[in-house]
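Report on the following structure.
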Amino acid sequence: MAVVLRSLSDFKRFLRKPGATIQIVHNTLIERQPHQFREAYRRKGLYEPRTVRAMSKKAAVFDVKGHDETVWLYWDKGTRKWRFHGDTVAVPLNAAMGAPDEVVYRCSLPDEAPQPVPPAPRESLFDDEREDDRDD
0 MAVVLRSLSD FKRFLRKPGA TIQIVHNTLI ERQPHQFREA YRRKGLYEPR TVRAMSKKAA
60 VFDVKGHDET VWLYWDKGTR KWRFHGDTVA VPLNAAMGAP DEVVYRCSLP DEAPQPVPPA
120 PRESLFDDER EDDRDD
């Protein structure tokens, strides 16, 4: 069965299903950080699939696959700006300063294996090098 989310109620209903999994597919805050920070975030397993451990009226606690970490996701305030589309949920990160950021989660059930997150694009040190300046 494909996951289709249109509202916070749909999302909560999805999370109550056995084996419900979410996985970050896009995090603008982390993507703007230096390479070392992005790699540390990845090593901590924060892009790994997360399964629901427990839920309350205002939050869910997730286990992170392959790590001893738990991660919380709160929805008590500010969910009016959450966006739901198909199997994804976009959650804006409210910061007092700086650019607006968001985290996009892909939701799946056990019969739908989560898609691997593609590695972050690497910046080349030679992007400015012109074709005619290269030694052959």
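Residues in the sequence shown are numbered from 0 upward in steps of one, following numbering that gives the first Met the number 0.
For each residue, glycine too, the CB sits at the ideal point set by N, CA and C.
Between the alpha carbons of residue i and residue j, how many angstroms are there, rounded?
i, j, result
"P109", "Q35", "33 Å"
"P33", "I21", "25 Å"
"A18", "R31", "A quick correction: the sequence has Gly, not Ala, at residue 18. Taking the straight line joining both Cα atoms gives about 32 Å."
"R15", "A53", "9 Å"
"R79", "G44", "28 Å"
"H84", "A39", "29 Å"
"A98", "G65", "32 Å"
Taking the beta carbon of residue i as the centre, do at least 16 other beta carbons fall within 10 Å, making it buried, or is it exposed?
i, result
"P48", "buried"
"N93", "exposed"
"R105", "buried"
"S107", "buried"
"A59", "buried"
Let's see if you can read the secondary structure: which residues bound the alpha helix (DSSP H) around residue i?
i, result
"L108", "No alpha helix (DSSP H) contains L108, which DSSP labels as neither H nor E."
"Q32", "Q32 -> no alpha helix (DSSP H), and no H or E assigned at all."
"R12", "7 to 14"
For residue i versus residue j, is the C-beta distance shorter than 8 Å?
i, j, result
"L4", "D67", "no"
"F13", "V24", "no"
"F10", "V63", "no"
"L7", "W74", "yes"
Identify which residue in the options has its Cα closest to the Cα of residue i.
i, options, result
"R82", "V60, Y40, V103", "V103"
"R41", "N26, M54, S55", "N26"
"K56", "W71, T50, Y46", "W71"
"K76", "G65, H84, V90, T69", "V90"
Tell me which residue opens and which closes the beta strand (DSSP E) that residue i is part of.
i, result
"V70", "69 to 73"
"V88", "87 to 92"
"D51", "Looking at the sequence shown, residue 51 is not Asp but Val. Element bounds for V51: 49 to 54."
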